[in-house]
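S.K.: Protein chains in written order, with full-length UniProt numbering: chain P, 1 to 207; chain Y, 1 to 207; chain R, 1 to 207; chain Z, 1 to 207. Idealized CB from N, CA, C, for every residue including glycine.
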DNA sequence: CATGAATGAGCATTCATTCAT
DNA sequence: GATGAATGAATGCTCATTCAT
């Protein structure tokens with residue numbers, strides 16, 4: 001491999017390794033993942049990995065960090081600047097299928113589930129930095145909707161959880177079943193259905 | 001360990017090992033699980049494991065089989081002999097929290113997610129024997145509810161998925177977050193909320 | 001298995017185990033031989049082996065002893081009471097093919113060769129009790145033949161070795177090659193040829 | 001151990017391991033041989049063995065191949081370009097003691113005998129590539145000697161076998177008895193005697 | 001006496017990590 | 001910076017031996 005002399009070149013090399021690592025960790029889990037394979041996937045030698053990451057575990061932690069954090073911030077901002085519950089819900093219904101199918105989020109989720117016990121600290125941080133923040137943003141959105149009279153519910157927190165449950169469901173599904181299977185879940189239709197049920201379920205009762 | 005000379009005693013020993021194995025596989029995933037640990041958890045020596053199971057993989061497969069199959073049959077029968085959508089839904093709302101908290105299903109699910117790529121055949125069978133059968137039973141229940149005029153929907157299949165999504169959500173949650181955390185999710189409240197939203201969302205429109 | 005209460009019954013049981021053990025040791029060598037297999041071949045349980053033999057090694061040593069010693073005594077007497085070199089040679093040429101094909105001698109030889117380093121004491125004893133005694137008897141027979149004027153040689157010891165070499169050769173051959181092969185060596189013809197060559201090679205020169 | 005970066009250095013390392021492996025397999029047989037010991041004998045770590053050979057069995061097979069094949073070709077050429085039966089016989093009588101004492105052939109033979117049943121394919125190949133070719137070359141040499149009128153026999157094949165029998169005999173002897181014993185067989189004298197007996201035994205009868 | 005379930009030391013193999021080149 | 005040969009701790013599995021039944 002060519003030498004990476006500039007800082008930019010080094011960052012690129014880091015990215016390659018992180019990308020390769022995510023794929024390997026995703027496919028095999030932390031302990032079955034082989035540094036050899038990661039090196040091959042990244043197109044570098046095994047020794048090079050250790051120039052960029054102190055250990056297998058450090059690489060793992062960096063991958064989680066690199067992939068998870070940016071995603072939340074995006075979602076958070078989307079919901080905070082919401083211009084009304086229904087329009088945001090509508091937007092979410094269109095964005096979430098993409099998040100599930102095209103981002104690395106389901107991969108990271110799969111990895112974290114599989115190795116949850118080996119990395120309690122990572123799980124805890126992920127919970128705080130990703131789950132809690134997402135859940136809080138969603139809860140606020142629900143509460144705002146109530147206050148605005150758009151919707152009604154007594155239990156904003158659980159509504160937020162139930163809104164997100166199909167995301168988890170479909171993320172797991174795509175990651176666990178689809179790689180070994182032909183039929184893909186129709187996420188568009190699923191989230192369409194979800195949206196409609198939510199709209200009806202949360203509709204304020206006519207007086 | 002005492003000798004297991006009778007068939008019954010041997011079955012008991014098998015159960016012990018399966019139980020110990022599930023815990024170990026659950027906590028560490030297949031490849032990090034150590035036969036030594038399983039033996040210690042089961043209170044037997046390493047060699048004894050191999051009297052009952054041909055290999056680590058065979059033990060793994062037997063555990064999945066032993067734990068997964070019986071559960072489905074229970075669920076299936078519950079839904080098939082349903083005496084009306086709402087009463088069954090009510091029953092499910094009460095049973096599912098127990099299933100999530102007290103059965104081994106979430107453990108098995110966690111293990112299968114983590115090692116999905118290593119055991120595609122198991123995943124495929126699990127999908128067919130557990131997921132598909134559960135989904136079919138639920139879909140039928142929804143359709144019957146429509147035909148009986150209790151509920152209305154155009155998309156019974158996705159409704160079935162959305163009904164089950166919170167089970168997946170909470171199974172993952174309990175298994176991933178709760179072991180490292182103090183606050184437990186209030187499943188009673190969550191499924192209560194889920195039930196109410198479903199009832200409203202599926203209520204046939206007044207003319 | 002039935003109990004062996006009488007001494008005779010116990011001896012029979014011993015014989016069965018020795019026979020089974022020889023076959024197993026012959027086929028796999030000492031260290032690959034499994035006590036389990038020996039037990040199965042003998043039609044007894046594993047524990048029973050230890051009622052008759054203190055350990056795998058003790059069983060091995062007893063087998064060698066049981067099989068090797070009687071054989072030599074037979075050969076020895078055959079040669080000592082020889083009534084002339086040529087008539088004894090003739091008898092040997094007829095007996096040796098049988099020894100190679102039908103006795104356990106080649107099996108024992110194969111086992112000893114394979115495990116020579118693991119059991120130097122056994123090898124040494126075998127050399128003294130079997131090889132040396134056989135070699136001495138043969139050497140004496142050659143010397144008597146010389147003294148009687150039947151044959152002539154300056155090097156009785158090496159002649160004795162060369163007389164026995166084809167026995168070793170064919171024992172190894174039958175044991176190593178024939179089990180995995182269709183064509184069997186024609187020992188009759190081989191020893192016939194050997195006899196004729198010896199007769200010519202040892203014939204006293206005409207003056 | 002120093003790094004073997006060049007191809008030549010790697011070949012050397014391979015040679016070291018093969019040499020160490022032959023000694024270990026020779027002394028203990030395949031199944032008792034320990035990879036640990038081979039590594040120590042070769043002056044490398046256990047892991048290094050697996051950089052050069054895929055498994056214990058692969059190492060074993062490579063050793064047999066590496067050691068056996070070249071030897072035959074040497075012998076074969078020696079006999080084919082023979083300039084007369086007696087002169088070749090004379091040469092053989094001088095070369096064979098060296099082959100027995102100084103080459104690895106007896107070691108390989110000992111190993112193959114001990115593990116014949118575990119590696120039937122190796123034994124079969126060895127028979128074809130080494131034994132049969134050697135036997136054929138020798139038989140041709142005998143036949144040519146007959147045609148040239150130098151010698152006479154009706155049974156060239158068995159004569160060839162009887163010519164080689166003392167090689168087997170002394171190979172086994174040196175390998176089985178001498179390591180645990182003080183007196184060494186005088187191979188010079190033995191083959192000298194063998195040669196003289198052969199010359200006399202095969203001499204065409206005077207009319 | 002006979003059995004076979006239980007044991008645990010022993011060994012082949014893997015793989016994260018190091019470091020000479 | 002980059003490489004990949006070398007290392008050795010870790011782990012699945014085997015099998016001689018024991019001993020409760």
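Alpha carbon to alpha carbon, what distance is there between residue 203/Z and residue 63/R?
M.R.: Within the third chain, residue 63/R is the residue found at index 63, counting from 1. Within the fourth chain, residue 203/Z is the residue found at index 203, counting from 1. Their backbone Cα atoms lie some 46 Å apart in a straight line.
S.K.: Quick check: the Cα distance between residue 170/Z and residue 79/Z, rounded to an integer number of angstroms?
M.R.: Here the question's residue 170/Z lines up with position 170 in the fourth chain. Here the question's residue 79/Z lines up with position 79 in the fourth chain. Taking the straight line from one Cα to the other gives about 21 Å.
S.K.: Would residue 86/P pass as a contact of residue 150/P if the rule is Cβ separation under 8 Å?
M.R.: In the first chain, residue 86/P corresponds to position 86, counting from 1. In the first chain, residue 150/P corresponds to position 150, counting from 1. Yes, these two residues count as a Cβ contact at 8 Å.
S.K.: Looking at the C-beta of residue 97/P, does it have a partner C-beta in chain Y at a distance below 8 Å?
M.R.: Along the first chain, read from residue 1 onward, the residue named residue 97/P stands at position 97. Taking Cβ atoms only, chain Y never reaches closer than 8 Å to residue 97/P, which makes this a no.
S.K.: How would you write the range of the alpha helix (DSSP H) that residue 123/Z sits in, first residue to last?
M.R.: As a working note, residue 123/Z is residue 123 in the fourth chain. 120-126 is the span of the alpha helix (DSSP H), which, as asked, contains residue 123/Z.
S.K.: Between residue 200/Z and chain R, is any beta-carbon pair separated by less than 8 Å?
M.R.: Position 200 of the fourth chain, counted from the start, is the residue given in the question as residue 200/Z. Interface residue, yes.
S.K.: Between which two residues does the alpha helix (DSSP H) harbouring residue 89/Y extend?
M.R.: As a working note, residue 89/Y is residue 89 in the second chain. From DSSP, the alpha helix (DSSP H) with residue 89/Y extends over 85-102.
S.K.: With H, G and I counted as helix, E and B as strand and the rest as coil, what does DSSP make of residue 30/Z?
M.R.: Your numbering for residue 30/Z matches position 30 in the fourth chain. Residue 30/Z: helix per DSSP, three-state reduction.
S.K.: Identify the contact partners of residue 208/Z in chain R, using a Cβ-Cβ distance below 8 Å as the criterion.
M.R.: Chain Z is shown from 1 up to 207; residue 208/Z falls before or after that span and cannot be answered.
S.K.: Are the CB atoms of residue 117/Z and residue 28/R within a distance shorter than 8 Å?
M.R.: Taking the first residue of the third chain as position 1, residue 28/R is located at position 28. Taking the first residue of the fourth chain as position 1, residue 117/Z is located at position 117. Contact flag set, yes.
S.K.: For a test of the three-state rule: what should DSSP assign to residue 161/R, helix, strand or coil?
M.R.: By 1-based counting over the third chain, the position of residue 161/R is 161. DSSP places residue 161/R in helix when its eight states are reduced to three.
S.K.: Exposed or buried, what is residue 172/Z when buried is set at 16 or more other beta-carbons lying within 10 Å of its beta-carbon?
M.R.: Walking along the fourth chain from the start, residue 172/Z turns up at place 172. Buried.
S.K.: How about the region 118-126 of chain P and the region 60-76 of chain P: do they share at least three Cβ pairs that are nearer than 8 Å?
M.R.: In short, these stretches touch, since the Cβ pair count reaches three.
S.K.: For residue 172/R, go through chain Z and note every residue whose CB falls closer than 8 Å to its CB, in chain order.
M.R.: Taking the third chain and counting its residues from 1, one reaches residue 172/R at position 172. Ordered by position in chain Z, the residues that pass the 8 Å Cβ test against residue 172/R are 113, 168 and 172.
S.K.: Residue 139/Y by DSSP, collapsed to three states: which one?
M.R.: Residue mapping note: residue 139/Y aligns to position 139 of the second chain, counting from 1. Helix.
S.K.: Is the Cβ of residue 132/Y closer than 8 Å to any Cβ of chain P?
M.R.: As a working note, residue 132/Y is residue 132 in the second chain. It does not: the Cβ of residue 132/Y has no partner Cβ on chain P nearer than 8 Å.
S.K.: Could you name the residues of the same chain whose beta carbon sits closer than 8 Å to that of residue 161/P, not counting the 5 residues immediately before and after it, in chain order?
M.R.: As a first step, residue 161/P is located in the first chain; it is residue number 161 there, counting from the start. So the list reads 135, once near-sequence residues are dropped.
S.K.: Return yes when the Cβ of residue 41/Z is within less than 8 Å of the Cβ of residue 227/Z, no when it is not.
M.R.: The structure shown does not extend to residue 227/Z, since chain Z spans only 1 to 207, so no value can be given for it.
S.K.: Under 8 Å, do residue 192/Z and residue 103/Z count as touching if we go by C-beta distance?
M.R.: One-based indexing of the fourth chain puts residue 192/Z at position 192. One-based indexing of the fourth chain puts residue 103/Z at position 103. Going by C-beta atoms, residue 192/Z is not nearer than 8 Å to residue 103/Z.
S.K.: Under 8 Å between C-beta atoms, does residue 27/Y make it to chain P?
M.R.: Position 27 of the second chain holds residue 27/Y. Judged by the 8 Å Cβ criterion, residue 27/Y is in contact with chain P.
S.K.: Which residues in chain R sit within 7 Å of residue 31/Z, going by Cβ to Cβ distance?
M.R.: Here the question's residue 31/Z lines up with position 31 in the fourth chain. Residues of chain R passing the Cβ test: 29, 31 and 32.
S.K.: Is the beta carbon of residue 105/P closer than 8 Å to that of residue 143/P?
M.R.: Taking the first residue of the first chain as 1, we reach residue 143/P at position 143. Taking the first residue of the first chain as 1, we reach residue 105/P at position 105. Contact flag unset, no.
S.K.: Which residues of chain P have a Cβ atom closer than 8 Å to the Cβ of residue 123/Y, listed in chain order?
M.R.: In the second chain, counting from the first residue as 1, residue 123/Y sits at position 123. Residues of chain P passing the Cβ test: 176, 177 and 180.
S.K.: Using a C-beta cutoff of 8 Å, does residue 120/Y count as contacting chain P?
M.R.: For this step, residue 120/Y is matched to residue 120 along the second chain. With 8 Å as the cut-off, residue 120/Y counts as an interface residue toward chain P.
S.K.: Under three-state DSSP, which class holds residue 5/P?
M.R.: Your numbering for residue 5/P matches position 5 in the first chain. Note: residue 5/P maps to coil in three-state DSSP.
S.K.: Just the chain R side, please: which residues come within less than 8 Å of residue 194/Z by C-beta, in chain order?
M.R.: Position 194 of the fourth chain, counted from the first residue, corresponds to residue 194/Z. Under the 8 Å cutoff, chain R gives 158 and 162.
S.K.: Going by C-alpha distance, which of 174/Z, 189/Z, 175/Z and 154/Z is nearest residue 217/R?
M.R.: Any answer about residue 217/R is impossible in this case: the structure gives chain R only from 1 up to 207.
S.K.: Give every residue of the same chain whose Cβ lies closer than 8 Å to the Cβ of residue 34/Y, excluding the five residues on either side of it in the sequence, and list them in chain order.
M.R.: Translated into the one-based positions of the second chain, residue 34/Y becomes position 34. Within the same chain, residue 34/Y has close Cβ partners 24 and 28.
S.K.: Starting from residue 36/R, follow the alpha helix (DSSP H) in both directions and report where the run begins and ends.
M.R.: Here residue 36/R corresponds to residue number 36 of the third chain, with the count starting at 1. Unbroken alpha helix (DSSP H) run through residue 36/R: 35-42.
S.K.: Verify whether the separation of the beta carbon atoms of residue 198/Z and residue 89/Z is less than 8 Å.
M.R.: Position 198 of the fourth chain holds residue 198/Z. Position 89 of the fourth chain holds residue 89/Z. Cβ distance < 8 Å, so residue 198/Z and residue 89/Z count as in contact.
S.K.: Please state whether DSSP places residue 204/Z in a helix, a strand or coil.
M.R.: Numbered from its first residue, the fourth chain carries residue 204/Z at position 204. Coil, per DSSP.
S.K.: Give the C-beta separation of residue 54/Z and residue 45/Z to the nearest angstrom, bearing in mind that I take them to be a contact with Cβ-Cβ under 8 Å.
M.R.: For the purposes of this step, residue 54/Z is identified with residue 54 of the fourth chain, where counting begins at 1. For the purposes of this step, residue 45/Z is identified with residue 45 of the fourth chain, where counting begins at 1. Residue 54/Z to residue 45/Z, Cβ: 17 Å. No contact.
S.K.: Hey, how far is the Cα of residue 95/P from the Cα of residue 166/P?
M.R.: For the purposes of this step, residue 95/P is taken as the residue at position 95 of the first chain. For the purposes of this step, residue 166/P is taken as the residue at position 166 of the first chain. One C-alpha to the other measures close to 13 Å.
S.K.: Mapping DSSP to helix, strand and coil, what is residue 222/Y?
M.R.: As displayed, chain Y neither begins before 1 nor continues past 207, which places residue 222/Y out of reach and without an answer.
S.K.: Mind listing the chain P neighbours of residue 155/Y? Cutoff is C-beta to C-beta under 8 Å, in chain order.
M.R.: Here residue 155/Y corresponds to residue number 155 of the second chain, with the count starting at 1. Residues of chain P passing the Cβ test: 189 and 193.
S.K.: Under the three-state reduction of DSSP, which class applies to residue 153/Z: helix, strand or coil?
M.R.: Along the fourth chain, read from residue 1 onward, the residue named residue 153/Z stands at position 153. Residue 153/Z falls in the coil class under three-state DSSP.
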